[in-house]
Every structure is written in structure tokens, then in C-alpha cells.
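Chains as they are written, first to last, in the working numbering: chain A, -9 to 661; chain B, 1442 to 1956; chain C, 171 to 270.
One structure is given below, encoded as C-alpha cells.
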Amino acid sequence: MAFEYVPAIVLLPFLSFVIALFAGKYLPKGGALAGIAATAGSLLLSIWAFLTVRSQGAYQETIYTWASGFGEQPWELTFGVLIDPLSAMMLVIVTLIATLVHVFSLGYMNDEGETGLPRYYAGLGLFTASMLGFVVADNLLMAFMFFELVGLCSYLLIGFWFREDGPPSAAKKAFLVTRFGDYFFLIGVVAVFSTFGTAAFVGAESFPVLAEEAVAGDVTVNTFGFDPTTWFTIVGLLVLGGVVGKSAQFPLHTWLPDAMEGPTPVSALIHAATMVAAGVYLVARMYGFYAVSPTALAIIAFIGGFTALFAATMGVVKREIKQVLAYSTISQYGYMMLALGAGGYVAATFHLMTHAFFKALLFLGAGSVIIAMHHNENMWDMGGLKDKMPVTYWTFLAGSLALAGIFPFSGFWSKDEVLYEALIHGLGGSPLLLGAYAMGLLAVPVTAFYTFRMVYLTFHGEPRTDTARNPEPVRWNVKFPLSVLGVLAVVAGLVNMVPVQKVLGLEGIDYLHQWLDQSFDPLTAHHYAEVSPYSSGYIGGEATTVLVGAAVSLGLALAGLLLATYLYNVAEPTEHTAKLGAIKDVLYNNYYQDEFQVWIANRTQSVASVADTFDQGVIDGVVNGVSSVSLFSGSRVRRIQTGVVTNYAALLTLGLTALLLAFGLLGGWFL
Amino acid sequence: MSAVSIVNAAAAAPLQVVLPEWTAIAPVLILALTGLLLLTIDAIWPGRNGNTTFAFVSALGSLAALTVTVWYLVAGTGQVGGSITLFSEAIVVDGMALFFTAIFTSVAALVVVASHDYLAGHENAASYYSLLMFATLGMALMAVSNSLATVFVSLEMASLPSYALVGFLKKNRGSVESSLKYFLIGALSSAVFAFGISLVYAVTGSLLLSEVAAGFDDGVAGFAGVAGIGVLMIAGGFAYKTASVPFHFWAPEAYEGAPAPISAFLSSASKAAGFVVAFRVFSTSFMPLLDATPAIDWALAFAVLAVVTMVLGNFAAATQENVKRMLAYSSIGHAGYALIGLAALTAGGPHNGDVMGAAMAHLLIYGFMNTGAFLFIAMVEYWGVGRTFEDYAGLSTKAPFASLAMAVFMFSLAGLPVFGGFFSKYALFASAVSAGFWWLAAVGAITSALSLYYYSRVVKALWIEQPNGNLDAIDSKPTGLYAAVIFAAVATVLLLPGFPIALETAEAAASALFA
Amino acid sequence: MVPAQYYLLLSAAVFCIGLFGVLTRDNALYFLMSVELMLNAANINFVAFSLFWGNLTGQTFALFVIALAAAEVAIGIGIILVLYRNFGSVSVTDAATMRW
């Protein structure tokens, strides 16, 4: 029975963390082999669980009740696993990518003679374990705890090279910014508990189900005096705070580009499968709760669409290969949020999957290039690597075509479905969604442009430096992960060929739709579609809409690609950014957001201690502000106590008279 | 199922079936006899400095009263088979009365033991101890009052000795000044209180709590103004006794100027006495007014007072330099927490018993931790070290056990989850939330967070800061003070595992009032 | 027979006069006397409504109030005496060393 081994999926990487931490320095390869064995084991178990879900359906079990309350509402705080199509699929993705990242690390870390490898592999193990724990969580509190662990591990890994200047500060920034969002998440968890008395994801008494029934008026829950829909919107937005932080959505995305300071395999893991994916996964996990709140969905869609466009424009001018990829990640997760907000649960999950493959591929490809370039990441120092490293080139090209959304690579199918869902639901009477759709659509050519700008600058043309002329060769441990992911990036779209089905009138090739419908009753894609507040509208017929949408987005993507080809696929490409004029500076500086945040910080804190207090972050500033306001008001409040007893008598009389008047007049005693 | 309820179930035949009914007020009688005995001893051997004798007799008397109270509480007196009423219902003995009598007598015993050292060398020890006993007697009577007449008389019986006790150090200007302020505000408040009672009598024609409730049952249409002013004035009288805004002005001065054991006594026992009588009067007599037309929404008035009291007490405490005055303000803040027990009541609300029971349990734990904290101050005053936070620096080097106990009191008062104070606050806030008053709980939680700041300042001074050379005066170990402080600390810690029993007893006693 | 409201008006007036004295008088003895007025305002109500309701509860309670007021004055005079010894006056505003 595969489900009994589900905890082992989480525990195996944790075991590798323990081994690497305590015995890593005595082991060959600094604990890498233990990590590979553990994640590969988890991968096999995950596939087994996946197949079992396919044959036997979803599964949920409470493993351990670690606290139970007393009194009227006996709350139970539990650990449990929920294996349904969504989590089973995510398990396979996470374990697969973690395994490949471990293998790749052999080439990127061990072969390059890094020190501190046990610490590195311990961090990877714990990171993977936390993410897997998050994925299998069957209640919001457990999810929150692992969510926090994921954040902690990202801090440890981004700051891996802690002796340099950049990484520790980037790690701190990632930690603080995501923590800022997590405060809202925490309040949201408490709100869910006090509203529903439970935080379970599944079951007749789970909070999404209760929320749905409360909105329908079938049950009453404590909504603190608000209308149920309003209150659920507030709670949903609180939880969304954590999502926005972790999934690097506007305005809490600023940590992610800085996080490139970490080792490249870690970036791959963060971007493709773990940390950033956690946010979107959380929304999908509790999608039934968001589905009852049209406002929350609209906000999610808008944040998503805006982030997709906004981040894509910043990716256009970056010089470092990893920076381009970082902004593309933010942008792609924006698409997923757009899909979730637009009622496209399956579309979002689909894009989450395809993105995991092609983004992991691109990062590992970039890592391979960086090895070859002796850790120079500037694309203007590369060029012409195509012939020197063919495996990297072809796989990277596959990933790029997927990212740009070119037919028939995987990214095309998933991005097209995201935009399609936004379009039809927008046409169906939600004009706001059309705005989000427009932003998503505009981001398509920009994405294609920066992607191929990156490809051409890195691999095409003449080598521009000596290093690029004689790149360091990479070994099997780099090429193998690239090849696996390269194949997946090409074919992963086949699991959900909805457009083909609709246009040709075929039945039964939308495997992902069918797959996600196999869950517990209220967690199916089918159910979400019924609950969601949207209706669909079409241009002409359904097939026409599919064709028009796909043609427009593919056309825009090709346009972006061709512009990049025209500008950069030449022997000696030059910077064209000057043509952007003043916009260039704005884009280079990421719309001055970091500067804006610093500016705010400076204004809110006393001038003398700017440097010091900014280092401690905005949160400490708020705390300090509150405490000094409290102390100040305290020193005012105590002045009431003048020491003269006649004043006391007067104030006492005043207080009593005020009470009498207020209650007498409001209560209507004297009528 | 806790130990208490098991015993309750076993004692199917209540104790007072075997004993005569009047024995139900035995704790009150024991306290009265102890006070009289002290006066007799002083009359037989006048002029003899009998500090030790008097302390011994008083301690014995209050412990005897405590023992009998706990025995009754366990045996189910006034709980199994309904409450026991005496003197034409003017007196009632039930679970709540016994619960609070246990608080008063424990605090009195602690204070008596601590006073033995504090009073060494003073004259008039007999009057001190007898006043203390009579004040305790007044509080015990407040707990069993079932008529507005006995409420008023017993409240004065508790207040009058307190005025004298606060001014006991006749040559100390601070003591005299605080006594004057306490007395003047007290006299004003009792006049307001008496006028309030007279208005309620005017509307209902009776002073017995049950008959007052019956008089209000048909609503107050036409008399709402008279009844409303009367009810709010009575609330004012209780606000004075519990040191709640806007009747709190005496408290910071009285607690700061009084001899520290008396501050402990007043801020713990006297406050609890104000609450027990307020709980009984409002839950028995005035519940019908909450949903009458026009409504006299005294619960909302208490909610307003609770919020203002929590905020004012904690904010003012945060900026004090004098530790004793800081504790005085924190004691006002705690009155605000306990007021939630009245503020969160609703007409026929299913959570009324829980809310009031949680407030009672908080007052029990508060009785120990706050008494202990003030007795620690008494010890420092005894050594003559000084009163500010700076003076307390490094005390742990000289008196580690007492400093450890003080740290326990401070963290428990702040509500850190390792001591009894956490559970009582948690139960209080949780019950307020389940009764629908989440905003009261929110204010409580926020002010508790602030309180951690100033409580931890004491711990920091004691344990982290370096002594600044004023500790050489510490040359003796006052045994009685030490014993009292350590005992209070042990009780505070033991009430962590023992809290469910205390809470269950309190909620059972409170629910009986709403049955 | 005098209507009941008139008694209420009378007692309220006496209460307010007492309160006025409490708020304006500096001398502690006047303060005490004003409080006595306020207590007697309550007594007026008790006695008047005792008649109105036809029971003796109010009258009895008025006697209690008078007795307690006497006890209160006894304590008060004692405190005012030590106040005079320590501060050299019986003004309630002189004793104002403790504040904030």
C-alpha cells in the first residue's frame, strides 16, 4: 500500500539532511550521494503514490494530533497527509527536480572544489524535505509551519557563500521580505481557526467546504460581524499575503532577483519546484476557499497579470544571464496567479508543471554556462558557445522555446490555456479580467524577446572574450539532468492538449483535466468550476475562440522572437538599450523599487539611525515605532494623575456624568 | 473530570444537612472571632509589644478560615443542592462566595506572615492585625452578601479598616497622604454608591437581590432614567472598589504610599472583593435590564470601562520609574482584564458562565502573583534599598531566591505561557471571543503585549544589570517575608498544572448564578 | 400626598449640592460634610420610597447609612488629624507629593 510510505517521502530528504550535517565531512562528495539516494528514493515513492492515486483515488490521514484544546470548541492541531491528484503530481515534480539538482550539484559544487559541501547538501536536504512536507500537508497550520521552514532553508542556501558581501544581505532580504508576507499569512491562519474552528483542507468539516456552505447560508460560522463573503475575502487576502511574498508577486517580489546570489542549483530548486512554487500551490490547495470570494479572485488575477507584464519588461535589459531568468520566473508565476484568479485552476496547475520543467532546465543550463565561463555571468562576455557545448545549447534552446511559448513546446500549451481561461471568463461578463488578460498578452512578446536575446547573446555570434573562446568542459553530471529536463520541456505539454481537443472535436486527450477531477469530492477541478463566480463567453464559437486566442499569442511570441533575432542574432551584437532612452535607466533600476523602499525606510526613521535601522528591516521599524508611541502616550496618560485629590474628584464626576449622559441618551432612558 | 467534581459527586448529601445551616458562614465567623480575640489579648496585656503573638493568632485565624472554606468548597456546601441562604436571604453561601473567600483568606494569611517582619519595631501591632482581620471579614461578608443592604454595609466594613491601614505609618508623609486620598475618594464613591442603591430601591421597592431582579422583570418603561442612573452609580461604587477607570484615581497613590504588605492586600484581596460583589449583583439582579425596553446596557458600559482601564493602566505603567507605582498601575490594568467577566455578558448568553468563571480564575491566580510581587517590594523596603528600577539593579546577587520568585511573578503577570497567569488570561480572552467580544480580547492581548515590556524591565534590573553599590544595606534575611514570597511563587507555578481544576470550579460556581 | 417625583427631585438637588461642595471646597472637613450631604440625599430617597412601597426596608437601611456615615467620619477625622500633624494644614490640595 503506497500511501503508508508517504511520510517516508518527506523523511528521506530529512534523513539526508541529518546525515550530511553530522557525517557529511566523513563521506565522499560531502554527503551528495546520500542526498541523491534520498531524493531518488523519494521520487520512486512519489511515483508509486501517483500511480496509486490513479488506481485507488485520493487519500487523507491524520498522523499525529499534537495539541487539542479544551472548552467549547475543542480545536485539534494535527499533522496529516493529503495525497490527491494535485499533491501527488506536485510530489513527483518536486522530487524529480530535487534529484536532478542534486546530481547537477556534483558538477557545479563538487567539481568546482567548493568548501562547506556538507552544509550545502544538508541545506538542500532540509529544503526538499520542508517543501515535500508542505505539499502533503492536510491542514493550513501544518502547511504554514513547513512554509516557514522553506523560508528558513532558502535563507540558509541563498546565503551559502556567507563570507562574500552579496549573499548574506540577499539572504536577509529574502528572509525579511517573505517574512513580511508571512505575518499576514499567520494572522490569516489564526483567522481561519477562529472562524471555522478547523484548518483542514479536506473533509465535510474542512474550512473551504464550511466557507462555501456559510456563503450559501447553510451553516453559520463566526464572521466577527461581517457578511460571510466579505469576511472570507479578508481572510483570503491575509493568507494571500504569504503567497505574494513567497511567489514573489508584486509588490513583494524584490527579494527574488537578489536571491541569484545563491548557488545556481539552489536557484533552480527555488524557482522551479520549491519556494516560489509554494505560494501558487497554496492557493491551488485551498482553491475552494478562494472560489467563494469573487473579490479575492479578481485581486489575485490582477496582481498576477500585472506582475507578469511588469517583471517581463525588467528582464529585457539585464546583463547577467541569471538575472534575466529571475525576472522571467516572477513573470511566469504572475501567469499562474492570473490563471488562478481567472478561475483556471487546471490551467494554473498545468503551467506550474511545465514551468517547473523548463525553468529548472534553463537554470541548470545557465549553471552549465557559468561553469564553462569560470563563473562569469555577464552575457556580453559570452557568445558563440553553441558549437563548444552542444548538449547545453540544444537543451537550453528547448527550454527557451518553451518559455517563449512557441508551438509545440510545453510552455505554449500551458500559457495558452492560462490566457484562454482569462479571455473566456473575461468575455463572460467580468471586464476586469479582460484587463488582466491584456497585460498577460502584452507580456508574451516581451517574454519571447528577452528569452531569445539571452539565447543569442550567450550561444550565437562570435565569442567576445577569451573564456568564451575556450570554455571549460562540463561532465555527464551536468549533461544528464539537462537532457532529462530538455525532453520534458518539449513533451510535457502533451498531457493537456485542450485546444486540439476543442478544435478537432476529439475526446479524452485532456489528461490533466481528467486527472485533477479524481480527487475528493470538493477538491475536484470540476467542483471548482461550479463554485467559481465566472461564466464563459466566446468570440464566435468555442473552437474559434481557441484558434483566435492561440493565434494571437503565438503571433505575438513570434514577433518578439523575430525582433530579438533581428537585433542580436548577428556576429557582433551591440547594445540596443540606448534606443530606449530614459526608459532604459528606469528598467535597469527595476523601476527604482529598491530605491523607493529605501526612501520610505529613510523617511519613517530618524535620520541619524538610517543605516542601522534599515539593516534591521521594515518590521523592526514598525515595532520600534509602536513601542515609542506607546511609551510616549504612556507618559501623557500618567499626567492625568495630578496628585491633587480635588482634581480626582472632578475627573471621577466627569467620567460618571459622561457615562450617564452617553448611555442615557443612546439608551433612550429619558424619553 | 477533575478531582473536585469527583468529590462533589460523591458528596451526594451536602455537609450542611449534617451540620446546622448557620455553619455555612463559619469562615466569616472565624475571621470575626480572630479580630475580637486580638483586641481581647491587647486589652488583657496592654502596652506589651506582642507582634509575634498577634501575627501568630492572625495567621492561625486566617488559615483556619481558609481551611474551612476549602473544605466546604470540596464538600459541596452551597453547590450541591442549591445555595444556602441565611437571615431572610440577606446572606447567601454558594460556590462563588467560597471561591472568593478562599482568595481573601489566602492573601490575608500571606500578608500576615509577611507583616511580621515588616512591622518589627512598630507599636500598635494589635490594631494593625485586628484591622487586617476586620477588613478580611468585610471582604468575606461581601462575598456572601445577597441584598444591597448587606452589600453596602460589608463594602464599608472592608473599606473603613483599609483607610486606617493605608495610613498606618503615621509619621510617614507618603502613607498619610495616600490614606487621605484613598479616604476622600472612597467617601465620595460610597456616597455615589448609596445614592445608586436608593434609586434602585425607588424603582423596585426592595433591596434583596432576587426581589430586585423580580422588580425589573417587567421592564422599566417610565422609570428607565431613574433605574439607569441607579445602576450606573452602583457600577461606579464597584469600579471604586476594583480600582477601575474613572474611579481608580486613589489606587496609584494608595498602593504606592501604603505599607507594602497592605498594598499587596488591597490590590489583590480588596480588588477581588469588589469583583465578587459586582459579579453577584449584576448577574443576579440586573440581567433583565439588558434586553428590556428601553435597555439599560450596563454590559456595554463595563466594556467601555474595561477597554479604558486596560489601556490606561498598562500605558501609564509602562513609563514609571518607581517599581511599586508601576505595580500599582499594572494592578489597574488587571482590573480591566477582570472587567471582561462583566462586559462580555449577554442576556441569556450561553457563554456567560464561562466568561465570568474565567474572570474568577484570573482573580485567583492574580491574588497569588500580585500579592507575591508586592511582598517582594515589601522585602526591598525592609532592606531600605530604594524604590526605582535602578535601585533594583543586581538584587539577584544578594537575594537569588527572592529575585527568582519575583521573575516568576512578573512573567506570570505578563501572561508568558510558562506560569499560571498565561492560562487565566488565555481562558479569559478565549471565552470573550467565543461570547462574541473579540475586540475586548484583542485590546486585552495588545495591552498584555505592552505589559511584557515593563514587567521584563524588573527582571532585567534584577538579573542582568550590575549592582550599583546600594545593596550593602542588605544584612538580614527576613524569614516571614521570604516564606510568604516563596509560597506565593510556588502557588503561581503550581496553578499552571492546577489551572483546569481552578477554572472548572470557577465556571461551575459562575454558571450556578445564571442557572 | 406629595408625589414621588418630588422626593426624587429633592434628593437629587441635595446630592448635587453635596457634590458641588466636594468639588469646590479645599478644607478636608468641608469635604467630609459635603459627603454627608450626599449620603443624606440617599437617605431621603430611602425614607420616601419606604413610604411609597409600604415596607420598612428603606427606613431601616437609612439607619444603617447614618451609622456607617458616623463610622466614616470617625476614621476621617483621625486621618485629617495625622494630616494636620504631617503637613501643618487640613487643606486637601497640600498633600500632593505623589503624582503621575
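Yeah, the Cβ is synthetic: ideal placement off N, Cα and C, and Gly gets one too.
**Request:** Keeping to the same chain, check which residues put their C-beta closer than 7 Å to that of A/PRO218; ignore five residues upstream and five downstream.
**Result:** ALA204 and VAL205
**Asked** Looking at B/ILE1781 and B/ALA1800, is the spacing between their C-beta atoms short of 8 Å?
**Response** yes
**Request:** Determine the closest residue to B/LEU1937 out of B/ARG1614, B/SER1499 and B/HIS1803, with distance taken between C-alpha atoms.
**Result:** B/HIS1803
**Message:** Suppose contacts are defined by Cβ-Cβ distances below 8 Å. Is B/GLY1798 in contact with B/SER1952 by that definition?
**Reply:** yes
**Request:** For the alpha helix (DSSP H) holding B/THR1591, just list the boundary residues, first then last.
**Result:** 1589 to 1607
**Request:** Find the residues of chain B that neighbour C/ILE245, judging by a C-beta separation of less than 8 Å, and give them in chain order.
**Result:** LEU1601, TYR1604, ALA1605 and PHE1624
**DSSP state of A/TYR528 mapped onto helix, strand, coil** = coil
**Request:** Just the chain F side, please: which residues come within less than 7 Å of B/PHE1756 by C-beta, in chain order?
**Result:** Chain labels in this structure do not include chain F; the protein chains are A, B and C.
**Prompt:** If we cut at 8 Å on Cβ distances, does B/TYR1642 have a partner in chain C?
**Reply:** yes
**Closer than 8 Å to chain C by CB, A/ALA648** = no
**Request:** Pull up the distance between the alpha-carbon of B/ILE1818 and that of B/GLY1698, whole angstroms please.
**Result:** 12 Å
**Message:** Can you confirm whether A/GLY113, when its beta carbon is compared against all beta carbons of chain C, has any partner nearer than 8 Å?
**Reply:** no
**Prompt:** How big is the Cα-Cα spacing for B/VAL1548 and B/ALA1590?
**Reply:** 26 Å
**Request:** Express the C-alpha separation of A/ALA160 and A/THR603 in angstroms, rounding to a whole number.
**Result:** With a pLDDT of only 45 at A/THR603, under 50, the local geometry of the prediction cannot be trusted, and the value read off the model is given with reservation. Looking at the two C-alpha atoms, the distance is approximately 17 Å.
**Item:** Euclidean distance between Cα positions of A/THR264 and B/PRO1858
**Value:** 34 Å
**Message:** For B/ILE1525, list the residues DSSP reports as bridge partners.
**Reply:** B/VAL1534
**Asked** Excluding five sequence neighbours on each side, which residues of the same chain lie with their C-beta closer than 6 Å to the C-beta of A/TYR281?
**Response** Tyr is not the amino acid found at residue 281 of chain A; the sequence shown has Ala there. Cβ neighbours of A/ALA281 beyond the five flanking positions: TYR518, VAL521 and SER522.
**Message:** Let me check understanding here. Comparing Cα to Cα, which of A/GLN239, A/LEU67, A/PHE240 and A/THR254 lies closest to A/PHE662?
**Reply:** Chain A is shown only over -9 to 661; residue 662 of chain A falls outside these bounds and no answer can be derived.
**Item:** For B/ASN1763, three-class secondary structure by DSSP
**Value:** strand
**Message:** In the DSSP output, which residue or residues are listed as bridge partners for A/ASN486?
**Reply:** For A/ASN486, which the question treats as bridged, DSSP gives no partner whatsoever.
**Prompt:** Around the Cβ of C/THR280, are there at least 16 other Cβ atoms within 10 angstroms (buried) or fewer (exposed)?
**Reply:** Absent from the model: residue 280 of chain C. The displayed extent of chain C is 171 to 270, so no value can be given.
**Item:** Pick from A/LYS308, A/GLU51 and A/LYS492 that is closest to A/GLY193, judged by C-alpha positions
**Value:** A/GLU51
**Residue of B/VAL1552, B/GLY1536 and B/TRP1879 minimising C-alpha distance to B/ALA1500** = B/VAL1552
**Item:** B/ALA1834, DSSP secondary structure in three states
**Value:** coil
**Asked** Taking 7 Å as the cut-off, is the CB of A/ALA362 close to at least one heavy atom of the ligand NAD?
**Response** Looking for the ligand NAD in the displayed structure turns up nothing, as the structure carries no ligands at all.
**Request:** Would you decide whether A/GLY654 is buried or exposed? Buried here means 16 or more other CB atoms lie within 10 Å of its CB.
**Result:** buried
**Prompt:** Do you know whose CA, among A/GLY113, A/THR455, A/ARG443 and A/ASP208, lies nearest A/PRO253's CA?
**Reply:** A/GLY113
**Asked** Listing by chain order, which chain A residues have their CB less than 7 Å from the CB of C/VAL262?
**Response** VAL635 and THR636
**Prompt:** Is the CB of A/SER184 under 8 Å away from at least one CB in chain B?
**Reply:** yes
**C-beta contact flag for C/VAL192 and C/PHE185 at 8 Å** = no
**Closer than 8 Å at the beta carbon, the chain B residues around A/PHE660** = ALA1665 and GLY1666
**Message:** Let's see if you can read the secondary structure: which residues bound the alpha helix (DSSP H) around A/THR514?
**Reply:** Note, A/THR514: premise wrong, no alpha helix (DSSP H); not H, not E.
**Prompt:** For B/SER1647 and chain C, any beta-carbon pair shorter than 8 Å?
**Reply:** yes
**Request:** Report the three-state DSSP secondary structure of B/ALA1453 (helix, strand or coil).
**Result:** Bear in mind that a pLDDT of 47 at B/ALA1453, under 50, signals an unreliable position, so the number given afterwards is only what the model happens to contain. Reduced to three states, the DSSP call for B/ALA1453 is coil.
**Prompt:** What's the C-alpha gap between B/ALA1401 and B/LEU1954?
**Reply:** Because residue 1401 of chain B is not part of the residues shown, which for chain B are 1442 to 1956, the question remains open.
**Message:** Counting only beta-carbon separations shorter than 8 Å, does A/PHE197 have a partner in chain B?
**Reply:** no
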